[in-house]
Amino acid sequence: MFKASEIAREARKQIQNISKELRMLVNYGVMEKPMTGVYRIADPVFSDWLKRRFQGDTNS
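Numbering-wise, the working numbering comes out as the position in the sequence shown, counting from 1, plus 64.
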């Protein structure tokens, strides 16, 4: 799970500027919002791929 503030920091954007994008991702079913200010990737396979892709796993 990710806090909106963490997502904003990684995207190098102000938290106010990412709220629209996060809402769209939730509406498309890419992200879930289980509680206020907290998001997670809805698809566990996509989540695993992202982890491997961006943490330098050479097996992907």
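Note that beta-carbon positions come from the ideal geometry of N, C-alpha and C, so glycine has one too.
These numbers come from a predicted model, not from an experiment.
Beta-bridge partners of residue i, as assigned by DSSP
i     : result
GLU96 : ARG104
Residue i versus the options, residue with shortest Cα-Cα distance
i      : options                : result
TYR169 : GLY101, ASP107, LYS67  : Given that the chain is displayed from residue 65 to residue 124, the structure contains no residue 169 and the question cannot be resolved.
ALA68  : GLN119, TYR103, SER111 : TYR103
Reduced DSSP secondary structure (H/G/I, E/B, other) of residue i
i     : result
LYS67 : strand
GLN78 : coil
Checklist entry - Between the stretch 72-82 and the stretch 111-119, do at least 3 Cβ pairs fall closer than 8 Å? => result Cβ pair count under 8 Å is below three, so no.
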